[in-house]
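Novice: Quick one: structure below, then a few questions.
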Amino acid sequence: MNLLQGKVAIVTGGASGIGKATARLFAGEGAQVVVADTNALAGQAVVDLIEQSGGQAFFQALDVRSDEDCAALVAATLERYGRLDIAFNNAGISGTPALIEAQPLAQWRQVLDVNLTGVFNCLVHQVQAMKEKGGAIINTASIMGLQGAPGAAAYAASKHGVIGLTRSAALEYAKHGIRINALCPGYVVTPMTTGPETEFDARVLDTALKRLAMRRLGEPHEQAEMVLWLASDSASYVTGAHFVVDGGATA
Ligand code: NAI
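This is the structure we're talking about:
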């Protein structure tokens, strides 16, 4: 299929997990894809996979905490592909689990900086590039953007923030033909949750699994399918909304 033929898409956090699956799906649907991440080795590997499958992509080093990096990402996209139609602002970290009273301020700030300010930094430059011709932006929140998470207050606060930011941005830029929505994944098998260096509390996953309607964790490509729909013209009347893909976790 060629749902995104002729479109240019940025995927932040594109080196791994949900971003990687989405970058590959976008490219498979005909988009030219910019894989942006702090992890250059893994990011270039995703580009190689896309090119081996006949798609087009390039890697751009990006730390979403840096406004300069986000400006450079959009500039590099415009220079290489001449336009920007789609952005999936997906880079994120889980942070170190801690009760609020035991959470060092530096850790709180780090999670907010990456997960929330990082999305803001990307949006600032993306909307300017899209204002003339319109576009679609999808920001990764979480089901923790809809409910509390004991031991992960910073993460939950950052993801609630992403939903508020998404709604506000959608209201500001609808008149420019830019649709802006949020994705709320449930528990997905990625390096963040189940990888060797994960900080995610395995007990949280065990407990969630027992309560999950579908009795299994999600796969990254199941999130990517929702992002593809939101990015495509099929979602032409959809903006300022959030979409839960969680196997029934919040049902
Ligand atoms: P992941 O750890 O596999 O991928 C995250 C990617 O973001 C990595 O490639 C990492 O290098 C990159 N990244 C981290 N900090 C960055 C920064 N400052 N600048 C640029 N890139 C940076 O994780 P996963 O699971 O694919 O997560 C993707 C998004 O989905 C995150 O926003 C996460 O919070 C969200 N999410 C994940 C869930 C899950 O169960 N895996 C559930 C709900 C939301």
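Residue numbering for the sequence shown follows this note's numbering, beginning at 97 and increasing consecutively. Quick reminder that beta carbons are idealized off the backbone N, C-alpha and C, glycines included.
Under 8 Å: does the beta carbon of Thr134 sit that close to some heavy atom of ligand 1?
Specialist: Thr134 Cβ: within cutoff of ligand 1.
Novice: Does DSSP classify Asp181 as helix, strand or coil?
Specialist: In this structure, Asp181 counts as coil in the three-state DSSP scheme.
Novice: Nearest CA to the CA of Tyr333: which residue from Ala278, Gly115 and Ala270?
Specialist: Minimum Cα distance to Tyr333 is reached at Ala270.
Novice: Count the C-beta pairs between the segment 200 to 207 and the segment 217 to 237 that are closer than 8 Å, then say yes if the count reaches three, no if not.
Specialist: The segment 200 to 207 vs the segment 217 to 237: no contact.
Novice: With respect to 8 Å, is the separation between the Cβ of Val340 and the closest non-hydrogen atom of ligand 1 below this value?
Specialist: Every heavy atom of ligand 1 is 8 Å or more from the Cβ of Val340, so no.
Novice: Looking at Gly364: is its Cβ nearer than 9 Å to the Cβ of Val142?
Specialist: What the structure shows of the chain is the stretch from 97 to 347, and residue 364 is not part of that stretch, so it cannot be assessed.
Novice: Give me the Cβ distance between Ile189 and Asn211, rounded to the nearest whole Å; I'm assuming they're in contact under 8 Å.
Specialist: With 8 Å as the limit, Ile189 and Asn211 qualify as a contact, their Cβ atoms being about 7 Å apart.
Novice: Which two residues bound the contiguous beta strand (DSSP E) that contains Val104?
Specialist: From DSSP, the beta strand (DSSP E) with Val104 extends over Val104 to Thr108.
Novice: For Ala153, I'd like the list of residues in its chain whose CB is within less than 8 Å of its CB, leaving aside the five on either flank, ordered along the chain.
Specialist: Contacts found: Ala119, Ala123, Gln128, Val129, Val130, Val131, Val142, Val143, Ile146 and Glu147.
Novice: Check whether the segment 306 to 322 and the segment 255 to 271 touch, using three or more Cβ-Cβ pairs below 8 Å as the test.
Specialist: These segments do not touch.
Novice: Tell me which residue opens and which closes the alpha helix (DSSP H) that Leu267 is part of.
Specialist: Counting along the chain, the alpha helix (DSSP H) containing Leu267 begins and ends at Ala249 to Tyr269.
Novice: Express the C-alpha separation of Thr289 and Val107 in angstroms, rounding to a whole number.
Specialist: Their backbone Cα atoms lie some 20 Å apart in a straight line.
Novice: Asp133: which of Ser149, Leu121 and Cys166 sits nearest, CA to CA?
Specialist: The shortest Cα separation from Asp133 among Ser149, Leu121 and Cys166 belongs to Cys166.
Novice: Helix, strand or coil, according to DSSP, for Ala153 in the structure here?
Specialist: Three-state result, Ala153: strand.
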